[in-house]
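Right, one structure below, let's go through it.
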Amino acid sequence: MPQDPNLYGQPPPKKQKKEMALSSSLDFTSQLTSLLSKPPTTQPAQSASHGRPRPSKSKTDALFASAKVKRTPGARQPNPDTDTKLTLRSPTTTEEDKSAHAAARRKMEEKARLYAAMKRGDYVPGREGEAAPLVDFDRKWAEAQGSSAPSSEDDHDSASSDDDEKRPEEMVEYEDEFGRLRTATRSQYETYQRRLARGLHASAELEIMSARPAAPSNIIYGPTVQAEAFVAEDEVRMEELARKRDRSATPPEARHYDAQAEIRNRGTGFYAFSKDEERRKEEMEGLKAERERTERIRFGGRRRWRIAFWTGRVRSGWQRQRTVEMLGRV
13 MPQDPNLYGQ PPPKKQKKEM ALSSSLDFTS QLTSLLSKPP TTQPAQSASH GRPRPSKSKT
73 DALFASAKVK RTPGARQPNP DTDTKLTLRS PTTTEEDKSA HAAARRKMEE KARLYAAMKR
133 GDYVPGREGE AAPLVDFDRK WAEAQGSSAP SSEDDHDSAS SDDDEKRPEE MVEYEDEFGR
193 LRTATRSQYE TYQRRLARGL HASAELEIMS ARPAAPSNII YGPTVQAEAF VAEDEVRMEE
253 LARKRDRSAT PPEARHYDAQ AEIRNRGTGF YAFSKDEERR KEEMEGLKAE RERTERIRFG
313 GRRRWRIAFW TGRVRSGWQR QRTVEMLGRV
């Protein structure tokens with residue numbers, strides 16, 4: 013079988029290079045020189061065909077054509093030809109920002125501690141190093157709620173002020189919160205009463221919302237003799253307690269174990285007593301007498317056995333001693 017010379021790794025024969033004619037080389041050189049000598053045109057010549065342009069065969073054009081840079085609308089577009097300044101991104105946080113944040117956090121924690129002390133009632137305004145006293149928002153809200161309730165009365169008073177001006181108002185004497193005797197008109201006295209009611213309402217609301225309870229008002233300070241410890245405050249109640257004390261004690265009802273109330277396995281010596289007290293007492297006495305008789309018989313038999321045992325030992329010892337003496341004589 014003939015073998016192919018191109019098989020088994022044998023290289024094919026090399027192709028011979030074709031020589032280019034000298035005339036064609038000169039024509040190419042002259043055409044290239046004429047193209048280089050022409051000035052560049054601003055606008056390319058439009059082709060005669062108006063069909064769809066062919067896609068580019070370059071791989072780099074196809075690679076970067078799909079990548080589109082997103083621009084923010086209204087932002088300044090960078091111009092690479094004119095902008096030569098290097099632009100760096102500003103860091104999000106610096107050491108100065110961290111220190112400012114830590115200082116603000118410390119101030120907020122201090123203010124929270126002061127508000128907690130104000131809730132407990134331990135806050136004293138106007139201390140050293142304090143910029144301004146705190147605002148009690150709970151008290152402010154309570155005062156606003158108290159002032160909004162009688163607003164209708166104030167409107168009614170202002171509406172009827174024209175009628176009141178025509179007639180003389182009645183003068184009233186009252187004692188203010190400082191114990192002074194004051195004289196004022198009826199409307200002024202009513203305004204004073206409303207103001208006192210608003211203050212009491214606000215203080216009561218503040219005491220309810222406060223975390224620290226108010227101290228009781230009936231605390232005794234110093235050596236004080238309490239008369240109620242020796243004199244009965246309520247005689248009827250004391251008589252009732254005396255009757256309960258002098259009443260004879262009633263013994264509780266006797267309760268015994270009921271053998272039929274539960275199902276369980278019992279031993280040989282179990283004895284079910286009766287529920288009747290008289291019969292139960294007779295059964296217990298009979299059981300006690302039977303036990304004494306058994307112990308007496310058991311003790312008597314043991315005593316007789318001991319007497320017989322020791323009598324036999326003495327007799328056997330005497331016989332043994334006599335036998336030894338007789339053998340010694342022999």
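Mind the numbering: the sequence shown is residues 13 to 342 in the numbering used here, read in order.
Note that beta-carbon positions come from the ideal geometry of N, C-alpha and C, so glycine has one too.
Between residue 198 and residue 184, the gap from beta carbon to beta carbon is short of 7 Å. With respect to residue 285, residue 294 sits apart: the two C-beta atoms are not nearer than 7 Å.
Here residue 194 is bridged, per DSSP, to 186. In the displayed model, residue 108 falls within a helix according to three-state DSSP. Apart from sequence neighbours up to five positions away, no residue of its chain approaches residue 288 with a beta-carbon distance below 6 Å. The criterion of a C-beta distance shorter than 7 Å is satisfied by residue 187 and residue 193. It is roughly 34 Å from the alpha-carbon of residue 306 to the alpha-carbon of residue 265. When only Cα atoms are considered, residue 224 and residue 128 end up about 11 Å apart.
If you draw a 10 Å sphere on the C-beta of residue 281, you find fewer than 16 other C-beta atoms in it, and that means exposed. When the alpha-carbon of residue 153 is set against those of 45, 257, 218 and 115, the nearest one is in 218.
For residue 214, the closest of 298, 235, 319 and 156 by C-alpha to C-alpha distance is 156. By the Cβ neighbour-count rule, residue 130 is buried, with 16 or more other Cβ atoms within 10 Å of its own. In the structure shown, residue 26 adopts coil according to DSSP, grouped into three states. Residue 250 is positioned such that its CB atom lies no closer than 7 Å to that of residue 150. Taking all protein chains shown into account, residue 158 has 16 or more neighbouring C-beta atoms within 10 Å of its C-beta and is therefore buried.
Annotated three-state conformation of residue 265 is coil, per DSSP. In the displayed model, residue 294 falls within a helix according to three-state DSSP. For residue 189, the closest of 181, 180, 209 and 182 by C-alpha to C-alpha distance is 209.
Residue 42 and residue 24 have their alpha carbons spaced roughly 39 Å apart. For residue 247, the uninterrupted alpha helix (DSSP H) run begins and ends at 247 to 258, by DSSP. Across the set 310, 267, 133 and 263, the C-alpha of 133 shows the shortest separation from the C-alpha of residue 227.
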